[in-house]
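This report refers to the structure that appears directly beneath it.
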Amino acid sequence: MNTADLNHLVESLVEIALTDDSKLRPGADDLILRKRKALARLQDSDSFRRLLEQAEFAERLRSLMDALREKWRDFSSQGIQRIASLDPESFMRHYLLPSVPVVLEAAASEWPAINKWCPQWFQETFGNQDVEISDHRRSDMNYEARFGAHRRTVPFGEFLERVKSDRTNDCYLVAQNKLLEKPAFERLLDDIGDLPGILDRSRKDAESVQLWLGPAGSSTPIHHDLTDGLIVQVDGRKRVILLSPYETEELQRAYRNIGRAGPGIEPIGSTTTRTIGWSGEVVLGPGDILFVPLGWWHCVENLTPCISLSMQNLVSAGYRWDHPDFRGYF
């Protein structure tokens with residue numbers, strides 16, 4: 594709310610407050626005088642002055658964000674960088690601390706998971722285990738916000754048959770299903786390698802590392818995370834579209850009528866460059882790692898059956914964006 598909105602609100606409140614009174618005293622001049630007096634009293638109150646100060650601060654902050662957004666668009670005109678090799682100091686200096694996304698190509702290619710995990714291996718190894726998935730998502734635009742209503746426990750082998758045969762967003766094993774917390778799957782953590790100086794091995798656990806497994810066409814709508822993190826592509830190919838935090842107001846303006854789940858990758862991918870102004874798009878293959886900084890909006894689509902990891906155990910993971918009553922989705 595800016596100062597003009599605030600003054601309009603105050604005038605509207607005065608109008609509403611005096612509507613019934615005006616029926617008892619139909620004199621127009623008297624009504625106008627009383628409105629002016631009521632408005633003056635309200636604008637002179639401590640509460641109004643505090644609201645006005647907050648509105649003026651919000652306008653200054655918005656102006657700053659507008660300037661930073663234009664600066665970022667100029668800086669990022671080359672898109673998301675892809676780096677073949679990167680030492681920890683350079684990663685910290687050029688990407689993590691300034692919050693710049695980057696793809697570390699094939700950085701996880703030697704991890705046991707990359708050379709072992711695939712839908713067929715999971716089916717042969719864990720097919721008889723029951724797992725929780727997110728199911729029946731196509732019928733609910735707000736499936737992310739109503740995650741609990743879509744939780745379903747199924748035989749892993751049955752789910753993996755759907756993963757291998759269907760192109761759909763109807764089913765997906767997502768981070769919230771907490772597969773790695775189940776005793777039968779804890780040993781999968783041993784197949785996850787390390788990035789010395791970038792990942793904190795002491796926090797390689799099911800709280801900081803989550804597994805995603807879904808068919809081609811499964812996706813995650815636009816959202817941002819509250820901490821810095823990595824997307825590690827284990828098997829298959831994944832498409833990710835990213836938007837800077839500086840695009841938040843433009844994004845909300847463009848999609849304010851979208852439900853809590855937020856727009857998916859197709860509306861973002863088809864309209865971003867026209868409506869939002871700037872976005873970065875990458876495709877990840879097995880062994881690739883994408884650094885997604887805190888607050889960066891992103892939406893994801895699996896181009897093939899995919900297995901991925903999201904990891905929040907970076908060595909400097911103390912940065913967190915806590916904001917009350919805001920879930921990270923529109």
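Here my numbering is used: the first residue of the sequence shown is 594, the next is one more, and so on. Just so it is clear, CB atoms sit at the ideal spot from N, CA and C, and this is done for glycine as well.
- Taken in chain order, the complete beta strand (DSSP E) segments of 3 or more residues contained in the stretch 730-780 are 744-748.
- With fewer than 16 neighbouring CB atoms inside 10 Å of its own CB, THR746 falls in the exposed class.
- Short of 6 Å from the beta carbon of ASP793, and not among the five residues preceding or following it, lie these beta carbons of its own chain, in chain order: ASN906, VAL908.
- Pairing CYS892 with ILE815 gives a Cβ-Cβ distance under 7 Å.
- In this structure the stretch 817-826 does not touch the stretch 760-771; the number of beta carbon pairs closer than 8 Å is below three.
- Looking at the DSSP output, ALA631 shares a beta bridge with no other residue.
- One thing to note: ILE824 has its Cβ no nearer than 7 Å to the Cβ of SER702.
- Shown here for PHE749: same chain residues with a beta carbon closer than 6 Å to its own, the five before and five after excluded, namely PHE719, GLY720, GLN722, VAL724 in chain order.
- Of the residues assessed, LYS630 falls on the exposed side of the cut-off, its CB having fewer than 16 other CB atoms within 10 angstroms.
- Between the alpha carbons of VAL693 and LYS831 lies a gap of roughly 20 Å.
- Judged by DSSP in its simplified three-state form, TRP805 adopts strand.
- The Cβ atoms of CYS899 and GLY786 lie no closer than 7 Å to each other.
- In the three-state scheme derived from DSSP, where H, G and I count as helix and E and B as strand, ASN708 is classed as helix.
- Under the DSSP definition of a beta bridge, GLY822 partners with VAL885.
- Assigned with DSSP and collapsed to three states, PRO681 falls in helix.
- GLN671 is classed as exposed because its beta carbon has fewer than 16 other beta carbons within 10 Å across all chains shown.
- In the DSSP annotation of this structure, the continuous segment of the beta strand (DSSP E) that includes GLU725 starts and ends at 723-727.
- When rounded, the separation of the alpha-carbon atoms in PHE715 and ALA738 is 29 Å.
- With respect to the C-alpha of GLY810, the residue from VAL833, LEU887, GLU842, PHE684 having the closest C-alpha is VAL833.
- At the C-beta level, ILE882 and ALA700 come within 7 Å of one another.
- In the structure shown, LEU836 falls within a strand segment according to DSSP collapsed to helix, strand and coil.
- Going by C-alpha positions, SER638 is about 13 Å away from GLU646.
- Annotation: LEU773 to ARG796 spans about 14 Å, alpha carbon to alpha carbon.
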